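Novice:
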Amino acid sequence: MSTVFGQVVKRREDPRFITGRGQYTDDVQLPGMLYAAILRSPHAHARIIGIDVEAAKRAPGVVAVYTGRDLAERMGSVPTAWIPPESDLKTPPHRALAVDKVRYVGDGVAMVIADTRYAARDALDLISVQYEVLPAVVNQVEAMENGAPVLHAEAPDNVAFHWQIGNATDEVFAQAEVVVRHTIRQQRLVPNPMEPRASVAQYNPATGELTVWVTSQNPHIHRFVLSGILGIPEHRLRVVATDVGGGFGAKIAVYPDEALVAFAAMDLGRPVKWTEDRREHFLVTTHGRDHVEELELAGTRDGRIQAIRVRAYANMGAYLSTAAPGVPTILFGLIVPGPYTIPYVGVDVYGVFTNTTPTDAYRGAGRPEATYLLERMVDLYAREIRMDPVEVRRRNLIPADEFPYHTPTGLEYDSGNYHLALSRALDMADYDGFRRKQQELRAQGRHVGVGVTTYVEICGLGPSQVAGAVGFQGGLWESSTVRVHPTGKVTVFTGSSPHGQGEETTFAQIVADKLGVLVEDVEVVHGDTARISMGWGTYGSRTTPVAGSALAVALDRVLEKARRIAAHMLEVSAEDVECEDGRFYAKGAKSRSVSFQDVALQAHLAWNLPQGVEPSLEAQAFYDPANFTYSFGTHICMVEVDTDTGDVRIDRYIAVDDCGRVINPMIAEGQVHGGIVQGIGQALWEGAVYDEQGQLVTGTLMDYAMPKARFFPNFETAFTETPSPHNPLGVKGIGETGTIAATPTVVNAVLDALAPFGVREIQMPLTPERVWRSIQEGGQRS
Amino acid sequence: MEGSKCAITLSVNGTSYTREVEARLLLVHFLRDELGLTGTHVGCDTSQCGACTVLLDGKAVKSCTVLAVQADGCEVTTIEGLGRIDKLHPVQEGFWEKHGLQCGFCTPGVIMTAAGLLNENPHPTEEEIREGLEGVICRCTGYQNIVRAIQYAADRTPEVEPEPAVEVAASAPTGGAQELTRQEGEDA
């Protein structure tokens, strides 16, 4: 067989990006194109008394101005697409432009369409809106209190949903030798892909066809949802998202904005473009995390964890975004027991409306939150029983011979060797040596610390039957079409929608591996509903396990047909044909062979095909995975804290991840690097902050600290490979592991460094000021 | 505002352009919307992200913070003019070789920043490279492979005489400096 699977292959998408020839949504230029700008509420909570758009309408270059009232009867509500069962989910309407009331700073109020970007922006200043400002609430715990401002009449207590799972009882905790209790806050983050969201729409009134270019991780979901909002038949709607400049979850959601642009293009009969600026991204594009969690862990004195219980208050923002309700429930609650044999688990989640930007998936989506709380609690427990935190993990990790392993939350972990990843990482880090050195340095007044995270991640979302059972309003299978051309070149059409993950390369490697063709002879097409029959998109670390497997199944079908044609050409039976490196051989007679290209040509000429074999060489697969798959690993971070300034320096970062079989180690490593940086970003620098009036005070890249190159050492990465039995490639996901593992690893390292000061908790992000204050306050702070 | 238009003449990737532009027009919008050179991207509105970085007379600048009228009489190099696919600039080559990009959106700006950095310091240390990337943000790569990419390019830069970062298309005439400036409309 060819050995391209598992090898470093340079990325095939790179030539266009390194020469400036990509085509992102804002790069689309159409004749007669107009530009949209959206007026956004400056108030977090206010009644709209009146809107005067006359001056804006008269401004130079302005073609149209729309308000919420203009559209109320002409556009549907923007829906949520995840309704967790038995959660009493409230779905108040979410209008594309607010009609009576605005509910967060950034809520759309009016849209201007003009002939240039600048003219559209200028005209926003000429719109006069009369507001009656109402009290706002931004904190989810305060929003549940009596007398808090109410956002939606449908949810008078501001509770959007209440979801529970688990088997942990009060009795378990009452009888435990050790109980650790703690409250943490996992701060709100802004995804900030470097490409702002954008949308371009073009409508042909004669054919009724609407084309929408949009920054989307899932163009078919965009088509499905937009067709409902706009009332346009799905077969007349094409959604294109070929080059997308990062997503991290923020480009899953269907926002009001792309629906507005599409509406305007249809209404005016001219193409319309809208691109958010970074300020709008901060205000309008979904945020991530924002949990307050009350935690309890029960265990024995000798380090056995018996139960973990979580009550989480998840800030949903002002409206329920597309996938939002699934994030703090299904993607969070089910994985709370993590990689440990914890017999009792209890998760109780309140999703709460507040006057803030809606939250939704952000890289890891629920799984980082679960991993963070668990790893923090394991370290606190270790401290409580005076045991090394690595030893506690060793005593609780699921042993390799217990897979498939069933969690108390109903998951079936497919495969794993958690101890192997842990020991590999400890070796790389020289953990014992570090502990000895730590003692020496402490004696010298230097404060170094180490954090160790062992994690498991739900990825490869997921079988459709499970999607239905957990309330996701879509399927989670994936499609793949393999089209072999007469010359033997191959085009693959995938329903996944990569936006940086490199599937144009890894999928070509899967093809090359199976068919024995060259990687250069394969083209991978994605992100266009007119070219790809169906797909559910890229998120939840599902592209390789689900869409990659769909491709593998389609390739098997191609290969099977090719084998039959080859057998006919070689005048032997199909069972007597062997395939190797792109050639078909008669078994036992290697001199008699035909190439894959020969077969492809004969398949298309169809002059002499075997009985019952149709012309052409193309196959399609609609693959629904057997189950989720579970990546895992161990991350270790070593830090030094400057106790005079509170500054944290990362000295080393070690990541050992297991995503099953690795297709392209270079790309897998790149995913880990990026994930780690985002995870460390949450630990040390990033955080969205609202004031009490609901103004986002970290609303630009000047105020919101993004990780920069000089903050990091080189990461030391390695992979162990435990194949997944749940899919034909034996693969798992790798896109989110770094983000999931890095945050607790770094925070635990800092807290380990500060253990001599009795510091038990520092609110993320661990800015120098907070670290310094916690040292000053020492053990008084908890 | 509308009406106050100014005539400017500037060279972009070796081609001379004369245009009437609004005084407030940003260079990046001139490049993208007027000239259709969409390789230069806009990632923010506060000059933090660096996705819009171009070379202005050989120096890396953020084109979202330069007015088109300020570039009057200048030579601008965008990602489209740095190297061609059959003759890549060493930095472009490094990004491809070392997996220095994922989604590719920040990439043109990061490459131009790196080209500017290597113009000033052809053999930077790793620390100098990381410091030199202070003006750009990449959300995908974690920077490590960007650093490797720039090291790769630096390793291919001769010790004595640094290569000019502004490399006009290979097919351009090479006789004299004045011939490097082609006229608008000519095919490169």
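These protein sequence lines map, in sequence, to chains A and B. Residue 474 in the working numbering sits at position 177 of the first sequence; the count goes up by one each step and never skips. Residue 196 in the working numbering sits at position 128 of the second sequence; the count goes up by one each step and never skips. Idealized CB from N, CA, C, for every residue including glycine. Bear in mind the structure is a predicted one, so any value in this text is a computation, not a measurement.
(1) Is DSSP giving GLN251 of chain B helix, strand or coil here?
(2) Are any of the Cβ atoms in chain A nearer than 7 Å to that of ILE218 of chain B?
(3) For the structure I just gave you, are there three or more beta carbon pairs, one from the region 199 to 212 of chain B and one from the region 972 to 984 of chain A, closer than 8 Å?
(4) Any idea what DSSP makes of LEU124 of chain B, helix, strand or coil?
(5) Quick one: which chain B residues come within Cβ less than 9 Å of MET1003 of chain A?
(6) Can you name, in chain order, every residue of its own chain whose Cβ lies under 6 Å from the Cβ of PHE1054 of chain A, other than the five neighbours on each side?
(7) I'd like to know if ASN81 of chain B contacts chain A, where contact means its C-beta is closer than 7 Å to some C-beta of that chain.
(8) Does the beta-carbon of LYS548 of chain A have 16 or more other beta-carbons within 10 angstroms, so that it is buried, or is it exposed?
(9) Can you give me, in chain order, the residues of the region 101 to 114 of chain B that have a beta carbon less than 8 Å from any beta carbon in chain A?
(10) What is the DSSP secondary structure of PRO230 of chain B, counted as helix, strand or coil?
(11) Report the three-state DSSP secondary structure of PHE560 of chain A (helix, strand or coil).
(12) Can you check whether the C-beta of HIS167 of chain B is within less than 7 Å of a C-beta belonging to chain A?
(13) Quick check: the region 168 to 179 of chain B against the region 102 to 110 of chain B, are there 3 or more CB pairs under 8 Å?
(14) Whose C-beta lies closer than 8 Å to the C-beta of LEU523 of chain A among residues of the same chain, with five residues either side of it excluded?
(15) On the DSSP bridge assignment, give the partners of LYS1005 of chain A in chain order.
(16) Measuring straight from C-alpha to C-alpha, what distance separates ARG309 of chain A and CYS117 of chain B?
(17) Identify which residue in A:GLU351, A:ALA411, A:LEU386 and A:TYR332 has its Cα closest to the Cα of ILE357 of chain A.
(18) Using DSSP bridges, identify the partner residues of GLU165 of chain B.
(19) To the nearest angstrom, how far is the alpha carbon of PRO636 of chain A from that of VAL144 of chain B?
(20) Given VAL819 of chain A, which residues of its chain have a CB within under 6 Å of its CB, disregarding the five upstream and five downstream residues?
(21) Is the separation between the beta-carbon of VAL543 of chain A and that of MET613 of chain A shorter than 7 Å?
(22) Would you tell me roughly how many angstroms separate the C-alpha atoms of SER1079 of chain A and PRO1062 of chain A, rounded to the nearest one?
(23) Check ASN213 of chain B in the structure and name its three-state DSSP category.
(24) Throw me the rounded Cβ distance for the VAL658 of chain A and TYR836 of chain A pair, which I believe falls under 8 Å.
(25) Interface residues of chain A around TYR85 of chain B at Cβ under 9 Å?
(26) Quick one: what does DSSP say ASN612 of chain A is sitting in, helix, strand or coil?
(27) Taking only three categories from DSSP, how would you classify GLY957 of chain A?
(28) Could you give the distance in angstroms between the alpha-carbon of ALA679 of chain A and the alpha-carbon of ASP323 of chain A?
(29) If you scan the region 921 to 954 of chain A from start to end, which runs of the alpha helix (DSSP H) of 4 or more residues do you find wholly inside it?
(30) By Cβ distance, which residues of its chain are closer than 6 Å to ALA334 of chain A, with the 5 residues on each side in sequence left out?
(31) Excluding the five sequence neighbours on either side, which residues of its own chain have a C-beta within less than 7 Å of the C-beta of ARG598 of chain A, listed in chain order?
(32) Could you compute how far the alpha carbon of ASP311 of chain A sits from the alpha carbon of ALA1046 of chain A?
(33) Taking 7 Å as the threshold (beta carbon to beta carbon), is PHE163 of chain B in contact with chain A?
(34) Ends of the alpha helix (DSSP H) at TYR544 of chain A?
(35) Taking just the CA atoms, how far does LEU565 of chain A sit from LEU1082 of chain A?
(36) Evaluate the contact criterion for the region 778 to 797 of chain A versus the region 902 to 917 of chain A: three or more CB pairs, one atom per stretch, below 8 Å.
Specialist: From the atom records:
(1) Note that GLN251 of chain B scores 44 on pLDDT, short of 50, meaning its location in the model is unreliable and no value can be drawn from it.
(2) no
(3) yes
(4) Looking at LEU124 of chain B - three-state DSSP - the assignment turns out to be strand.
(5) GLN116, CYS117, ILE205 and ARG207
(6) ILE1072 and GLY1075
(7) No, ASN81 of chain B does not count as interfacial toward chain A.
(8) buried
(9) ASP101, GLY104, LEU105, THR106, GLY107, THR108, HIS109, VAL110, GLY111, CYS112, ASP113 and THR114
(10) Summary for PRO230 of chain B: the model assigns pLDDT 47, below 50, so the residue's position carries little reliability, and this model does not support an answer.
(11) In the three-state scheme derived from DSSP, where H, G and I count as helix and E and B as strand, PHE560 of chain A is classed as helix.
(12) yes
(13) yes
(14) Closer than 8 Å at the Cβ level, and outside the excluded window around LEU523 of chain A, lie VAL509, ILE529, LEU534, VAL536, VAL551, GLU555, ALA556 and ALA559.
(15) Partner residues in a beta bridge of LYS1005 of chain A, as assigned by DSSP, do not exist.
(16) 26 Å
(17) Here residue 357 of chain A is Pro; the residue named in the question, Ile, does not match the sequence. PRO357 of chain A has its Cα closest to that of A:ALA411, out of A:GLU351, A:ALA411, A:LEU386 and A:TYR332.
(18) Paired residues: none, contrary to the question.
(19) One C-alpha to the other measures close to 54 Å.
(20) The beta carbon of VAL819 of chain A sits closer than 6 Å to those of VAL787, ALA805 and VAL808, all from its chain and outside the five residues before and after it, given in chain order.
(21) Per the sequence presented here, residue 543 of chain A reads as Gly, with Val not at that position. For GLY543 of chain A and MET613 of chain A, no; Cβs fall outside 7 Å.
(22) The pLDDT assigned to SER1079 of chain A is 39, lower than 50, so where the model puts this residue is not dependable, and the model offers no usable value.
(23) Helix at ASN213 of chain B.
(24) According to the sequence shown, residue 658 of chain A is Ala rather than Val. Correct: roughly 6 Å between the Cβ atoms.
(25) In chain order: nothing, as chain A lies at least about 17 Å away.
(26) strand
(27) Assigned with DSSP and collapsed to three states, GLY957 of chain A falls in strand.
(28) 51 Å
(29) none
(30) Closer than 6 Å at the Cβ level, and outside the excluded window around ALA334 of chain A, lie VAL409, ALA417, ARG418 and LEU421.
(31) GLU474, VAL475 and ILE682
(32) 37 Å
(33) yes
(34) Correcting the residue type first, residue 544 of chain A is Gly in the shown sequence and not Tyr. It is not in any alpha helix (DSSP H) - GLY544 of chain A carries neither H nor E in the DSSP assignment.
(35) Residue 1082 of chain A is absent from the model: chain A starts at 298 and stops at 1079.
(36) yes
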